[in-house]
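Engineer: The structure's right below; bear with me while I get my questions together.
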Amino acid sequence: LPMALSRDFAWGVHTSPSPTPTLSMCHVDPETFPAVTIPLTPEALQAHLSTCKGWTIYPVACFALALKDANGPVPSVVMVGSGTVPMASGLSSSSALTCASLIVASTVLSLPEPLYTRAAIASRASEAERLIGMEGGGMDQAISMLAQRGYASHVEFNPVRATPIPFFKEECARVCVLNSGTVADKKTTLDQNYNRRVAECRLGCLMISHAHIQKTGADCTVRDLLKSPKDVIPATICKRFNISTGKALDYADNLPVEATLEEIGQTVGIDAEDIYRSLLATSTGGYLSPKDAVFKLKPRLTHVFSEVMRVRAVLMMLRAAEPLEADEQGPYLNRVGEMLLEGNISLGMDYECSCEELDMTVNTAVLSGARGARLTGAGFGGWCVAIVGVDKIPTFLEKMTEYYKSRNMDPVSSFFFTDAGAGAAIIRPDSM
Numbered sequence: 001l002p003m004a005l006s007r008d009f010a011w012g013v014h015t016s017p018s019p020t021p022t023l024s025m026c027h028v029d030p031e032t033f034p035a036v037t038i039p040l041t042p043e044a045l046q047a048h049l050s051t052c053k054g055w056t057i058y059p060v061a062c063f064a065l066a067l068k069d070a071n072g073p074v075p076s077v078v079m080v081g082s083g084t085v086p087m088a089s090g091l092s093s094s095s096a097l098t099c100a101s102l103i104v105a106s107t108v109l110s111l112p113e114p115l116y117t118r119a120a121i122a123s124r125a126s127e128a129e130r131l132i133g134m135e136g137g138g139m140d141q142a143i144s145m146l147a148q149r150g151y152a153s154h155v156e157f158n159p160v161r162a163t164p165i166p167f168f169k170e171e172c173a174r175v176c177v178l179n180s181g182t183v184a185d186k187k188t189t190l191d192q193n194y195n196r197r198v199a200e201c202r203l204g205c206l207m208i209s210h211a212h213i214q215k216t217g218a219d220c221t222v223r224d225l226l227k228s229p230k231d232v233i234p235a236t237i238c239k240r241f242n243i244s245t246g247k248a249l250d251y252a253d254n255l256p257v258e259a260t261l262e263e264i265g266q267t268v269g270i271d272a273e274d275i276y277r278s279l280l281a282t283s284t285g286g287y288l289s290p291k292d293a294v295f296k297l298k299p300r301l302t303h304v305f306s307e308v309m310r311v312r313a314v315l316m317m318l319r320a321a322e323p324l325e326a327d328e329q330g331p332y333l334n335r336v337g338e339m340l341l342e343g344n345i346s347l348g349m350d351y352e353c354s355c356e357e358l359d360m361t362v363n364t365a366v367l368s369g370a371r372g373a374r375l376t377g378a379g380f381g382g383w384c385v386a387i388v389g390v391d392k393i394p395t396f397l398e399k400m401t402e403y404y405k406s407r408n409m410d411p412v413s414s415f416f417f418t419d420a421g422a423g424a425a426i427i428r429p430d431s432m
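Numbering (the UniProt record's numbering) for the sequence shown: 1 to 432.
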């Protein structure tokens with residue numbers, strides 16, 4: 001149930017015909033984001049993805065993906081970028097960059113209509129990120145493309161879609177985003193942190209599927225699931241086997257707290273090497289995690305399925321509050337705040353993706369008057385989000401300013417209130 005920020009990343013783009021097309025990527029902050037120019041060919045794009053670790057891997061991945069479906073001559077492309085989403089923050093700065101880049105690539109390469117819808121770009125942006133080793137879901141990309149101004153969005157997949165959900169009235173509550181003071185750089189610790197959680201969820205889902213098949217005699221084998229490893233995820237297995245979220249939580253409760261690949265293989269009756277090579281392989285030819293890792297299963301899946309239940313509860317609260325006047329929405333605001341805090345506790349204890357700085361910032365926000373708060377994004381640092389009743393905003397501003405000053409952080413750049421923003425858009429010179 002995400003909400004788009006009133007922040008963005010934007011590309012200014014110029015194209016020109018060329019017999020030897022190139023892709024030039026520049027930024028208004030060249031010291032932090034050095035300019036890069038490479039040939040706009042499949043070979044050069046792939047070479048860049050294989051050797052570069054800087055910011056340009058995101059647009060290059062988008063062009064590598066889009067070039068496969070180019071419809072017409074390939075031009076030279078010059079792109080100048082600028083963004084207001086804090087980097088390495090857990091606020092989807094990489095997804096904003098990826099979605100903006102894929103819109104550019106899809107436009108200048110004249111991709112056919114089925115690949116050029118908002119939903120298609122949201123799905124393909126996830127695919128582009130997998131080209132650089134990020135084996136994540138599609139939530140950030142979906143909200144970047146499908147958000148409607150003034151609304152939160154209930155995002156669903158297969159196919160990707162977003163239902164606008166009215167948020168609390170501005171006279172009732174505001175959303176605040178707060179810096180924990182530590183970066184959340186997913187790329188540098190993929191196999192220990194971000195991708196490890198993906199691996200653990202897949203392995204847990206494999207064991208839940210095995211337990212369900214054994215119990216119900218479902219017309220499927222666990223080995224069948226390995227043929228489509230990216231579908232061995234919580235939402236897909238629940239849909240495939242018609243498992244309710246409550247039942248999935250029961251299955252998760254019976255998982256081992258942790259297990260090795262050998263132990264998992266013995267349980268489901270499949271060789272550990274087969275599981276590793278199919279279920280834990282990435283799109284780039286690597287693996288989500290080292291083979292000899294000990295994987296945490298019960299806590300990871302407990303978090304995932306309990307979070308689904310919290311999302312549904314918040315949806316009910318927001319829908320119930322929608323027709324009410326601002327001064328009548330308070331009880332629903334309190335309950336949503338409780339859900340945020342419950343989710344944050346689960347993220348820290350079960351999913352283990354919080355850190356000391358995030359916990360301290362969430363706790364300070366609540367003590368300063370927020371009705372609820374939680375980390376946002378993939379965790380491991382970055383920012384958190386809080387919901388603040390309008391009557392508490394003056395006190396909240398005062399206390400959070402004191403908090404950031406005590407940490408020698410600039411309050412002006414460390415937290416801000418945001419409205420629900422809109423999804424991506426193209427602005428052409430003739431429409432300005």
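Ideal placement from N, C-alpha and C gives every residue a C-beta, glycine not left out.
Whose CA, out of His27, Arg149, Ala70 and Glu352, lies closest to the CA of Trp55?
Structural biologist: As a position in the sequence shown, residue 55 is number 55, starting the count at 1. Nearest option by C-alpha distance: His27.
Engineer: Look at Leu279 and Arg197 and say whether their C-beta atoms are less than 8 Å apart.
Structural biologist: To locate residue 279, count along the sequence shown from 1; it is residue 279. To locate residue 197, count along the sequence shown from 1; it is residue 197. The answer is no: Cβ separation not under 8 Å.
Engineer: Whether or not the region 169–178 and the region 348–360 are in contact is what I'm after, with contact meaning three or more pairs of Cβ atoms, one per stretch, closer than 8 Å; do they touch?
Structural biologist: Taking 8 Å as the limit for Cβ pairs, the verdict is that the region 169–178 does not touch the region 348–360.
Engineer: Just reading off the alpha helix (DSSP H) that Ala404 is part of, what are its end residues?
Structural biologist: Translated into the one-based positions of the sequence shown, residue 404 becomes position 404. Here residue 404 turns out to be Tyr, not Ala, going by the sequence shown. Taken as a continuous stretch (DSSP letters only), the alpha helix (DSSP H) holding Tyr404 covers Ile393 to Ser406.
Engineer: Rounded to whole angstroms, what is the Cα-Cα separation between Gln329 and Phe33?
Structural biologist: Within the sequence shown, residue 329 is the residue found at index 329, counting from 1. Within the sequence shown, residue 33 is the residue found at index 33, counting from 1. Approximately 44 Å, taken between the alpha carbons.
Engineer: Rounded to the nearest angstrom, how far is the Cβ of Leu146 from that of Gly423, given a contact under 8 Å?
Structural biologist: Here residue 146 refers to the residue found at position 146 when the sequence shown is read from its first residue. Here residue 423 refers to the residue found at position 423 when the sequence shown is read from its first residue. Going by Cβ atoms, the distance from Leu146 to Gly423 rounds to 5 Å, so yes, they are a contact pair.
Engineer: What are the boundary residues of the alpha helix (DSSP H) that Arg149 is part of?
Structural biologist: Sequence index remark: in the sequence shown, residue 149 carries index 149 (1-based). Looking at the DSSP string, Arg149 is not in any alpha helix (DSSP H), and its letter there is neither H nor E.
Engineer: Given this structure, state the Cα-to-Cα distance separating Pro59 from Ala100, to the nearest angstrom.
Structural biologist: As a position in the sequence shown, residue 59 is number 59, starting the count at 1. As a position in the sequence shown, residue 100 is number 100, starting the count at 1. Each residue's Cα considered, the two are about 8 Å apart.
Engineer: Using beta carbons (cut-off 8 Å, strictly below), is Arg149 in contact with chain D?
Structural biologist: Going by chain labels, chain D is absent from the structure shown, which holds only one protein chain.
Engineer: Should the region 222–234 be called in touch with the region 313–333, which here means at least 3 C-beta pairs below 8 Å?
Structural biologist: The region 222–234 vs the region 313–333: no contact.
Engineer: Decide if the region 288–296 is in contact with the region 230–237; the criterion is three or more beta carbon pairs, one per stretch, under 8 Å apart.
Structural biologist: Judged by Cβ distances under 8 Å, the region 288–296 makes no contact with the region 230–237, as fewer than three pairs qualify.
Engineer: Relative to the C-alpha of Ala4, which residue among Ser144, Ala119 and Tyr116 is closest?
Structural biologist: The sequence position of residue 4 within the sequence shown is 4, counting from 1. Of Ser144, Ala119 and Tyr116, the residue nearest in Cα terms is Ser144.
Engineer: Have a look at Gly150 and Glu342 and give me their C-alpha separation to the nearest angstrom.
Structural biologist: Mapped onto the sequence shown, residue 150 falls at position 150. Mapped onto the sequence shown, residue 342 falls at position 342. About 25 Å.
Engineer: Strictly by DSSP, which residues pair up with Leu23?
Structural biologist: Sequence index remark: in the sequence shown, residue 23 carries index 23 (1-based). BP columns for Leu23 point to Ile38 and Val77.
Engineer: Which runs of the beta strand (DSSP E) spanning at least 3 residues fall entirely within the region 170–216, listed in chain order?
Structural biologist: Qualifying beta strand (DSSP E) stretches, in chain order: 173–179.
Engineer: Please report the straight-line C-alpha distance between Thr267 and Pro75, rounded to a whole angstrom.
Structural biologist: The count along the sequence shown starts at 1 and reaches residue 267 at position 267. The count along the sequence shown starts at 1 and reaches residue 75 at position 75. Those two C-alpha atoms are separated by around 54 Å.
Engineer: If we require 3 or more residues per run, which beta strand (DSSP E) segments fall completely within the region 367–396?
Structural biologist: Fully enclosed beta strand (DSSP E) runs of 3 or longer: 370–375 and 383–389.
Engineer: Starting from Arg118 and walking both ways along the beta strand (DSSP E), at which residues does that stretch end?
Structural biologist: For the purposes of this step, residue 118 is identified with residue 118 of the sequence shown, where counting begins at 1. Arg118 -> not in any beta strand (DSSP E); alpha helix (DSSP H) instead, spanning Arg118 to Arg130.
Engineer: Across the region 293–301 and the region 250–258, are there enough close Cβ pairs to call them in contact, namely three or more that are closer than 8 Å?
Structural biologist: Enough Cβ pairs lie closer than 8 Å, so yes.
Engineer: Decide if the region 366–381 is in contact with the region 321–340; the criterion is three or more beta carbon pairs, one per stretch, under 8 Å apart.
Structural biologist: Yes, since at least three Cβ pairs between the region 366–381 and the region 321–340 fall closer than 8 Å, the two stretches touch.
Engineer: From which residue to which residue does the beta strand (DSSP E) around Val13 run?
Structural biologist: Locating residue 13 in the sequence shown gives position 13, where the first residue counts as 1. Where Val13 is concerned, the enclosing beta strand (DSSP E) stretches over Phe9 to Ser16.
Engineer: Could you tell me the distance, in whole angstroms, from the CA atom of Val308 to the CA atom of Thr302?
Structural biologist: In the sequence shown, the residue the question calls residue 308 occupies position 308. In the sequence shown, the residue the question calls residue 302 occupies position 302. Going by the C-alpha atoms only, they are around 10 Å apart.
Engineer: Assess, as a yes-or-no matter, whether the region 388–407 is touched by the region 67–84 under the definition of 3 or more beta carbon pairs within less than 8 Å.
Structural biologist: Judged by Cβ distances under 8 Å, the region 67–84 makes no contact with the region 388–407, as fewer than three pairs qualify.
Engineer: Thinking C-beta only, is Glu127 closer than 8 Å to Leu65?
Structural biologist: By one-based count along the sequence shown, residue 65 stands at place 65. By one-based count along the sequence shown, residue 127 stands at place 127. Cβ atoms of Leu65 and Glu127: closer than 8 Å.
Engineer: Apart from the five residues on each side of it in sequence, which residues of its chain come closer than 6 Å, Cβ to Cβ, to Asp140?
Structural biologist: Translated into positions along the sequence shown, residue 140 becomes position 140. The residues are Ser92 and Ser95.
Engineer: For Ala248 and Thr20, I'd like the C-alpha separation in whole angstroms.
Structural biologist: Along the sequence shown, read from residue 1 onward, the residue named residue 248 stands at position 248. Along the sequence shown, read from residue 1 onward, the residue named residue 20 stands at position 20. For Ala248 and Thr20, the distance between alpha carbons rounds to 54 Å.
Engineer: Might you give, ordered along the chain, the residues of its own chain that have their beta carbon closer than 8 Å to the beta carbon of residue 435, omitting 5 neighbours on each side?
Structural biologist: The structure shown does not extend to residue 435, since the chain is modelled only from 1 to 432, so the question has no answer here.
Engineer: Using C-beta distances below 8 Å, list every residue in its chain close to Phe415, excluding the 5 sequence neighbours before and after it, in chain order.
Structural biologist: As a position in the sequence shown, residue 415 is number 415, starting the count at 1. Once the five neighbours on either side are set aside, the close Cβ partners of Phe415 are Cys176, Val177, Leu178, Asn179, Met400 and Tyr404.
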